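I have placed the structure first, in the form of structure tokens, so that the comments after it can refer back to it.
Number of protein chains: 2
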Amino acid sequence: MLSEGKTPSLNQLRYFVTVARQLNFRRAAHALGVSQPTLTTQINALENHLGLTLFERSRSGTLLSAHGHALLHYAEQVLKANLHFHEVARNLSDGENTMYRLGIPPTLGPYLLPHILPDIHALKPGLKFYVREAAPDQLFQGLLTGEYDLILSPMSQTNSQVQSQPLFYEPLKFVLPSDHPLADQDYIDPEQIRGEQVLTLEDRHHFHHQVQEICMRLGANVARDYEGTSLDTLRQMVVMGMGVAFLPGLYIHSELHKPEALHVCELADMPIVRQHVLAWRNTSPARAFFRELSAVMRDIIRQRLSDAVTVTESSSNV
Amino acid sequence: MLSEGKTPSLNQLRYFVTVARQLNFRRAAHALGVSQPTLTTQINALENHLGLTLFERSRSGTLLSAHGHALLHYAEQVLKANLHFHEVARNLSDGENTMYRLGIPPTLGPYLLPHILPDIHALKPGLKFYVREAAPDQLFQGLLTGEYDLILSPMSQTNSQVQSQPLFYEPLKFVLPSDHPLADQDYIDPEQIRGEQVLTLEDRHHFHHQVQEICMRLGANVARDYEGTSLDTLRQMVVMGMGVAFLPGLYIHSELHKPEALHVCELADMPIVRQHVLAWRNTSPARAFFRELSAVMRDIIRQRLSDAVTVTESSSNV
DNA sequence: AAGCCCTGATAGTTGTATGTTATCACTGGC
DNA sequence: GCCAGTGATAACATACAACTATCAGGGCTT
Chain X
1 MLSEGKTPSL NQLRYFVTVA RQLNFRRAAH ALGVSQPTLT TQINALENHL
51 GLTLFERSRS GTLLSAHGHA LLHYAEQVLK ANLHFHEVAR NLSDGENTMY
101 RLGIPPTLGP YLLPHILPDI HALKPGLKFY VREAAPDQLF QGLLTGEYDL
151 ILSPMSQTNS QVQSQPLFYE PLKFVLPSDH PLADQDYIDP EQIRGEQVLT
201 LEDRHHFHHQ VQEICMRLGA NVARDYEGTS LDTLRQMVVM GMGVAFLPGL
251 YIHSELHKPE ALHVCELADM PIVRQHVLAW RNTSPARAFF RELSAVMRDI
301 IRQRLSDAVT VTESSSNV
Chain C
1 MLSEGKTPSL NQLRYFVTVA RQLNFRRAAH ALGVSQPTLT TQINALENHL
51 GLTLFERSRS GTLLSAHGHA LLHYAEQVLK ANLHFHEVAR NLSDGENTMY
101 RLGIPPTLGP YLLPHILPDI HALKPGLKFY VREAAPDQLF QGLLTGEYDL
151 ILSPMSQTNS QVQSQPLFYE PLKFVLPSDH PLADQDYIDP EQIRGEQVLT
201 LEDRHHFHHQ VQEICMRLGA NVARDYEGTS LDTLRQMVVM GMGVAFLPGL
251 YIHSELHKPE ALHVCELADM PIVRQHVLAW RNTSPARAFF RELSAVMRDI
301 IRQRLSDAVT VTESSSNV
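Residue numbers (the UniProt record's numbering), protein chains in the order written: chain X, 1 to 318; chain C, 1 to 318.
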């Protein structure tokens, strides 16, 4: 009849539960820190909103009606859910107890994260990452659409909506089969690569373009027909003598402890590197924390992986 | 800082969830039936109450922040609980879908309820009784204190706070061992009882007082030393020849289909009955329903038990 | 039987929370 | 370079939840 429209407030539920527990309006009012008329009014409002009588009042006291009895539990559930909500919120409000969706390329994640996540977890126990792998372009796109909160990826496009912090430079090593004529040098003259078959990944990986550009410059052939779908595949193809390849330093550091059947070297006077950055939307409310996090990551990487990569020093970048 | 005091409203949670689903303030506002500025204001209020940023706004759209992501589920839980509350309330509001706490004496409940509850359930499927047994005095007291919503008991005290409706008269039958000298008559001259040992229940049962008063009048001895604690005990004591007894008609109707070893009769020209009533607090919001219920009960009892009891006819009592 | 203390209900008022409309400032696509 | 779309802001209206002061009745004590 006169209901419809407004929905009872949380306060009204609080009042209901308290009166139901105390069975006395004045005491309940005192417990709630409000005046007794407020309670009377609000309980009345709740009652005729619901079209039910929750309490049997008399001059000698208050009783919970059968309807009130039935509803009490549900009202308590609402308040409990509300309490949960606020507990979680309070927990989040220090910024470090949140789960962030982290995007990282498959050519990097498996070879970097195992080395640094344990230390990060030790430093910030409440911090959680939901890690998803995708190619750098997709990462960047996903960052803009909100699919990721944070991406750790080779530097790619710049965009006014994205802030990034450089983390480290990772060398790209040159690998060739052990039985290759050049497989006896630690540093190879770039000139000697001319004409080699260079294997690489599918072109949606940033990696590919970099390798392609190098090959163009040195006059090597990029073997598009044999594009691998993972670094492991790529390695197998080199071992089988199908060509040579550039492989990321962290991959080699992680996977090739005893590189039998494979020779790893570098191009003399021509260090090839990719730079990885940590990036986030500049609208992200966690941006301050992300900047701090990038410093933490640099420290950890410097400590754990300085034999494989070079940590970026300056940190006042955009 | 500026929080503390007011707690976010349910509406704010509703707004949060809707914006999180639509990721667009104007669309969410339209879905909610409010204006877009209202949403902006309320979401802002919620955010700085929580001390968190829930959304990343930009001129080109809205994204859910990591914190928002984490909280969304809990906000939905609150709204769901609130919905449950209102569903239950709506269900209750027709009055018949409630569980009422029904008190009944142990000398009546087991022999009456099995005969009438199935029919009541068939007529009012949503109606539930939480049945507790206690002696009539305790029932009456419990009704006043709110322990029961409804009692079905022999007529006892009257009280301005209690309304009652008579249901039926139940005869008290006279039982004696089969080998008793009087065990060959259907109607016994009350004079013949003088000097008999009459067994009865503990004195907190209304039953006891009635039997005691009859025995006083007829000059029989009430065997207080052998007060039984249940009608079954009482019956066993009679069978064992420890005395005679008055037993409620419904007990005999329910339990003694072939009364071997026990003779059942009545006192000639001296029908002894107890009247049972349905009673409730006159402050009970269900009083109209209870009155209707008493009529329903009378109908059912008339139909099912008219060979054992006499249903009260008038129904315009207080 | 009278009086007192306790109960919840009511009247009248006020400040604030929550909503409105009108408008701005900026982004991104065509 | 314009236009359609985004969320933010300002100024104002209203509803409502709070207060204080008071009332009316029940039941226990004297």
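Quick reminder that beta carbons are idealized off the backbone N, C-alpha and C, glycines included. Remember, predicted model here, so these are calculated numbers, not experimental data.
Based on DSSP bridge pairs, tell me the residues matched to residue i.
i                     : result
residue 206 (chain X) : Residue 206 (chain X) pairs with nothing; no bridge assigned.
residue 265 (chain X) : X:174
residue 255 (chain X) : Looking at the DSSP assignment, residue 255 (chain X) forms no beta bridge with any residue, so it has no partner.
residue 163 (chain X) : X:280
residue 63 (chain C)  : C:56
residue 275 (chain X) : X:169
Give the straight-line distance between the Cα atoms of residue i and residue j, rounded to the nearest whole angstrom.
i                     : j                     : result
residue 118 (chain X) : residue 128 (chain X) : 11 Å
residue 291 (chain C) : residue 33 (chain X)  : 40 Å
residue 67 (chain X)  : residue 52 (chain X)  : 7 Å
residue 260 (chain X) : residue 139 (chain X) : 34 Å
residue 134 (chain C) : residue 310 (chain C) : 24 Å
residue 318 (chain C) : residue 57 (chain X)  : Legend: pLDDT at residue 318 (chain C) = 45, less than 50; position of this residue unreliable, no value from coordinates given.
residue 49 (chain X)  : residue 75 (chain C)  : 23 Å
residue 105 (chain C) : residue 136 (chain C) : 6 Å
residue 60 (chain X)  : residue 23 (chain X)  : 11 Å
residue 305 (chain X) : residue 79 (chain C)  : 48 Å
residue 312 (chain X) : residue 87 (chain C)  : 60 Å
residue 191 (chain X) : residue 204 (chain X) : 28 Å
residue 296 (chain X) : residue 125 (chain X) : 14 Å
residue 90 (chain C)  : residue 300 (chain C) : 29 Å
residue 218 (chain C) : residue 73 (chain X)  : 55 Å
residue 155 (chain X) : residue 108 (chain X) : 13 Å
Any Cβ of chain X within less than 7 Å of the Cβ of residue i?
i                     : result
residue 33 (chain C)  : no
residue 82 (chain C)  : yes
residue 63 (chain C)  : yes
residue 251 (chain C) : no
residue 164 (chain C) : no
residue 360 (chain C) : The structure shown does not extend to residue 360 (chain C), since chain C is modelled only from 1 through 318, so no value can be given for it.
residue 1 (chain C)   : With a pLDDT of only 33 at residue 1 (chain C), under 50, the local geometry of the prediction cannot be trusted, and no value is derived from it.
residue 93 (chain C)  : yes
residue 98 (chain C)  : yes
residue 303 (chain C) : no
residue 20 (chain C)  : no
residue 296 (chain C) : no
residue 88 (chain C)  : yes
Mind checking which residues open and close the beta strand (DSSP E) that includes residue i?
i                     : result
residue 200 (chain C) : 197-201
residue 320 (chain X) : Lying before the first or after the last residue shown, residue 320 (chain X) is absent from chain X, which here runs from 1 to 318.
residue 104 (chain X) : 99-104
residue 245 (chain X) : 244-248
residue 133 (chain X) : 128-133
Does any C-beta atom of chain C lie closer than 7 Å to the C-beta of residue i?
i                     : result
residue 111 (chain X) : no
residue 67 (chain X)  : yes
residue 17 (chain X)  : no
residue 310 (chain X) : no
residue 56 (chain X)  : yes
residue 78 (chain X)  : yes
residue 284 (chain X) : yes
residue 53 (chain X)  : yes
residue 85 (chain X)  : yes
residue 169 (chain X) : no
residue 29 (chain X)  : no
residue 189 (chain X) : no
residue 148 (chain X) : no
residue 45 (chain X)  : no
Under 8 Å by Cβ, that's how I've got residue i and residue j pegged, so tell me the actual separation to the nearest angstrom.
i                     : j                     : result
residue 303 (chain X) : residue 166 (chain X) : At roughly 18 Å, the Cβ-Cβ gap does not stay under 8 Å, so residue 303 (chain X) and residue 166 (chain X) are not in contact.
residue 100 (chain C) : residue 144 (chain C) : Rounded, the Cβ-Cβ distance is 16 Å, inconsistent with contact.
Just curious, the alpha helix (DSSP H) that residue i is in, first and last residue?
i                     : result
residue 77 (chain X)  : 66-92
residue 237 (chain C) : 231-239
residue 154 (chain C) : No alpha helix (DSSP H) holds residue 154 (chain C); the beta strand (DSSP E) holding it covers 150-154.
residue 220 (chain X) : Counting along the chain, residue 220 (chain X) falls outside any alpha helix (DSSP H), and DSSP gives it neither H nor E.
residue 194 (chain C) : Premise fails: residue 194 (chain C) is in no alpha helix (DSSP H) and is neither H nor E.
residue 294 (chain X) : 287-305
residue 28 (chain X)  : 25-32
residue 115 (chain C) : 109-123
residue 51 (chain X)  : Taken as a continuous stretch (DSSP letters only), residue 51 (chain X) belongs to no alpha helix (DSSP H), as it is neither H nor E.
residue 138 (chain C) : 136-145
residue 10 (chain X)  : 10-22
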